[in-house]
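Structure record follows, encoded as structure tokens.
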Ligand SMILES: [Zn+2]
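Numbering (our numbering), first residue to last: -5 to 300.
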């Protein structure tokens, strides 16, 4: 998964800074952010997970901003300049970032596929049938694998940080397990007849597997972005046939087609779910753990009316 790393100049500067620190006996703990190796991720959810594992040893950035559409994103010249100076680039893989292959080809920076080792769930329908569903982070259990991949990649980048990364990972995995348990308990507590999750994008296959919900969506992957009349009417049929009490849509796409489903069927519009992006820091989901908790609460209250 590693591509060759030829930004010797950048690493030489870092090495020189560290060497000066050692020679003069001064602590590198107080070094400014500029001295830290930089990790660039493709989107905000990965940036949050990576920054927890990195602690204060690495600088972590996201190429795309909160609220951005990440599947069909078009990198700017600024993104390319910024990423060319990075020490490591982290992408999700599983065909999530359709733009990433070409992007990373134009750079000579190490890169790690964070979903490596996850058992994918295949997309069931439409043009994407049989391809892996990329939204593996919607299961906190999969994020434990993401964390292991980050520890390995970060340790290669910063060998002295090995025990710090491992310690951060252990603590974070406890939180991931706790949020997984909360999710499963809350969603499996919904009466069986109401346990169906209807969303805009088919981004919840991993979550619905963990939580024992059935899943239905208007379109499989956001790269399409347009709901066809056929997709909308198939969703309406499903909601009617199963008397689904509430339907939902995600923060990074228009909820218009789903509002249409709601008004045609009498189902409640249950609210906005977060998948492909965190909110801004002062919004409802500034971190990945907040995202899972927010979505769990929104789904429970939408489906039960509580
Ligand atoms: Zn998505």
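Glycine residues also receive a C-beta, built at the ideal position from the N, C-alpha and C atoms.
Asked	Found
Among all the DSSP beta bridges, which residues are the ones paired with residue 83?	34, 105
For the beta strand (DSSP E) that residue 189 lies in, which residues bound it at each end?	That residue, residue 189, is in no beta strand (DSSP E); it is neither H nor E in DSSP.
Given a cut-off of 8 Å, decide if residue 181 and residue 266 are closer than it, judged by their beta-carbon atoms.	no
Is DSSP giving residue 56 helix, strand or coil here?	strand
Do residue 120 and ligand 1 come close, with the Cβ less than 7 Å from some heavy atom?	no
If you follow the beta strand (DSSP E) that residue 262 is in, where does it begin and where does it stop?	262 to 267
Go to residue 240, then tell me how far its beta strand (DSSP E) extends in each direction, as first and last residue.	240 to 244
For residue 116, list the residues DSSP reports as bridge partners.	126
Residues with a Cβ closer than 6 Å to any heavy atom of ligand 1, in chain order?	65, 129, 195, 197, 216, 269, 270
To the nearest whole angstrom, what separates the beta carbons of residue 44 and residue 84, a pair I think is in contact under 8 Å?	6 Å
Measure the C-alpha to C-alpha separation of residue 205 and residue 179 and round it to an integer number of angstroms.	8 Å
Decide if the region 114 to 130 is in contact with the region 180 to 194; the criterion is three or more beta carbon pairs, one per stretch, under 8 Å apart.	no
Exposed or buried, which one is residue 130 when buried takes at least 16 other CB atoms within 10 Å?	buried
Report yes or no: do the region 161 to 169 and the region 65 to 76 share at least 3 C-beta pairs separated by less than 8 Å?	no
Would you mind working out which of 31, 41, 30, 29 sits nearest residue 272, comparing C-alpha positions?	41
Quick check on DSSP: helix, strand or coil for residue 211?	strand
Starting from residue 300, follow the alpha helix (DSSP H) in both directions and report where the run begins and ends.	From DSSP, residue 300 is part of no alpha helix (DSSP H); its letter is neither H nor E.
Got a sec, what are the start and stop residues for the alpha helix (DSSP H) residue 160 sits in?	156 to 182
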